[in-house]
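Read the structure below first, then the notes.
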Amino acid sequence: SKVLVTGASGYLASHTVEAFLNAGFPVRGTVRSAAKGEYLKELFKGKPFEYVIVPDISEEGAFDEAVKDVEGVAHTASPFHFKAIYPEELIKPAVNGTVGILESLKKNNPNIKRVVITSSIASVLDPTFPKPHTYTEKDWNNVSPKTCEEKGKDAPPQEMYRASKVLAEKAFWKWIEDEKPAFDGVVINPALILGPLIHPCDMVEDLNSSVAMVVPFTKAVPRDQVPPVAANLVDVRDCALHHVKALTVPEAGGQRFISSLGPSLANDWLLAVHKYFPDIGTVDGDPSIVESSKKAEICHDGSKAAKVLYPYRAEEETLRDTVESLRERFNL
Ligand code: NDP
8 SKVLVTGASG YLASHTVEAF LNAGFPVRGT VRSAAKGEYL KELFKGKPFE YVIVPDISEE
68 GAFDEAVKDV EGVAHTASPF HFKAIYPEEL IKPAVNGTVG ILESLKKNNP NIKRVVITSS
128 IASVLDPTFP KPHTYTEKDW NNVSPKTCEE KGKDAPPQEM YRASKVLAEK AFWKWIEDEK
188 PAFDGVVINP ALILGPLIHP CDMVEDLNSS VAMVVPFTKA VPRDQVPPVA ANLVDVRDCA
248 LHHVKALTVP EAGGQRFISS LGPSLANDWL LAVHKYFPDI GTVDGDPSIV ESSKKAEICH
308 DGSKAAKVLY PYRAEEETLR DTVESLRERF NL
C-alpha cells in the first residue's frame, strides 16, 4: 500500500515521508531535482522510499505518472514564501497543483481510497476579525482572495500566500463535490510549523518561512529587539503524523483539521531558549504572564485533530528541538 507524498524534499514533507515510512507504508515522493531525490534516498536508506521528478506542479498532467499504483496521496507541495510580485505566482501552483493531482488520479488511478492535502490556517483565519478570537474548522478566510483580486501586485505578499491557500483548498472541496470520485478527501490546516530540520537545506537564507522565524532567537537578542512573535504552533513531527492519520483513520474522511497546539508567543520562545540554551545568553521570558497573555491572543483550536488524529507534544519540546536543530545545521 504505497503512498505518494508531493514536494517530498520540503520541510514538512520530509517529516511526512518519514512518518509514513515509520508507520510501515512504502513511499513515493515527488521532488524537483535528482539531487534532492538522492538526498532523501540517503536519508531514508534501507527503507522503502523512491522518488520521481516533477519539476513544476503548475503544469497540466504534472502528476500523471506519479499517481500510478499508489493507494493514498498526501499533497503538500505548494509555494510558501513572501517574495511573489504577482498573486498568480503563488495562486497558480497552489490551485493547479491541487486540481492537477485530482485530475491525474481521475485519469490514472481512480480507485484510490483517499487524498489528503496540506492547506493552512491561512485558509481559516479572517485577518479582519478582532482579537481575541478562537478559530475552528468552521471558519474560512474569505478576505485574502478578495484583497488580491482588488489590489493585484499591490496586495501585501502575506495576502498573496494566504489567498493561494484559500483558493487551493476551495478548489479541492469543489472538485470533490462536482466530480464525486470514488475516493474521499481530508484537509490539514497547520498553524506555524516548527521542530527539527531533516530536509535538504544548506543555507540559513534558504530556510522555509516558518523555521526562519526562530533564527533571531538563536542569538542573544536584547529585550527591545525581541521579534513580536504571536503565533499558534504545531510540531512538524505531530503535523506529519496528522497527515498519516488523515489517510488511515476512516472517520477523518470529508473533514478539515486544524493542526495546532494553540498560541505560542515570543515570551514562550524566550523562556524555552533561556532554559535549554543558557550559553546563548539571551534575555529571559516572564513565566507569570504565560497563561494570561495566551488568552488575549488569537487561538487556532486544534483539539479535533488531537482527538481524531493524534495528540500534540509539549510546546517547550518543539522550541528546544528547533533551536537545537538550527544550531547544529548552520553552526549558529
Ligand atoms: P517548504 O518550502 O519547505 O516546502 C514546499 C514544497 O513545495 C517544497 O518541496 C517545494 O519544492 C515544493 N514546491 C513549491 N512550489 C513548487 C512548484 N511550483 N513545483 C513543484 N514543487 C513546488 O515549506 P513547508 O514545508 O513549510 O510547507 C509545506 C506545505 O505546508 C505547504 O503547502 C505550505 O503552504 C503548508 N503550510 C506550512 C506551514 C508552515 O508553518 N511551515 C503552515 C501551514 C501550512 P522545493 O523544495 O524544490 O522548492
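Under the UniProt record's numbering, the sequence shown has 33 at position 26, and the numbering climbs by one with no breaks.
Note that beta-carbon positions come from the ideal geometry of N, C-alpha and C, so glycine has one too.
Since the structure is predicted, the reported quantities are computational estimates derived from the model, not experimental observations.
Express the C-alpha separation of arginine 35 and lysine 282 in angstroms, rounding to a whole number. 40 Å
Mind the definition here: the region 160-180 touches the region 101-117 only if three or more C-beta pairs lie below 8 Å; say whether that holds. yes
Where do the N-terminal and C-terminal ends of the alpha helix (DSSP H) with threonine 141 fall, by residue? Per DSSP, threonine 141 belongs to no alpha helix (DSSP H); it is in the beta strand (DSSP E), 140-142.
Considering only C-alpha positions, which residue in the set Pro55, Ser8, Asp146, Lys138 is nearest to glycine 309? Asp146
According to DSSP, simplified to helix, strand and coil, what is tyrosine 93? coil
Residue nearest to serine 85 in terms of C-alpha spacing, selected from Pro62, Ile92, Asp76, Lys75: Pro62
In terms of residues, what are the limits of the beta strand (DSSP E) holding serine 266? 263-266
Would serine 299 be called buried (16 or more neighbouring beta carbons within 10 Å of its own) or exposed? exposed
What runs of the beta strand (DSSP E), each 3 residues or longer, lie entirely inside the region 229-256? 237-242
Taking the CB atoms as reference points, tell me whether valine 222 and leucine 333 lie closer together than 8 Å. yes
CB of threonine 125 to nearest heavy atom of ligand 1: below 7 Å? yes
DSSP three-state call for asparagine 29: helix, strand or coil? helix
Under 8 Å by Cβ, that's how I've got leucine 47 and serine 8 pegged, so tell me the actual separation to the nearest angstrom. Incorrect: roughly 20 Å between the Cβ atoms, too far for contact.
Spatially closest choice to leucine 248 from Ile108, Arg121, Ser266, Ser171, by CA coordinates: Ser266
Among residues of its own chain, excluding the 5 on either side of leucine 109, which ones have a beta-carbon nearer than 6 Å to its beta-carbon? Trp182
Does DSSP put leucine 339 in a helix, in a strand, or in coil? coil
Starting from the Cα of arginine 230, find the closest Cα among Leu254, His250, Ile205, Leu277 and give me that residue. Leu277
Taking the beta carbon of alanine 189 as the centre, do at least 16 other beta carbons fall within 10 Å, making it buried, or is it exposed? exposed
Could you tell me which uninterrupted alpha helix (DSSP H) segments, each at least 4 residues in length, are contained entirely in the region 149-236, listed from first to last along the chain? 151-158, 164-186
Could you work out which residue in His82, Ile128, Asp76 is closest to asparagine 115 when comparing CA atoms only? Asp76
Hey, would you say the C-beta of asparagine 239 is under 7 Å away from at least one heavy atom of ligand 1? no
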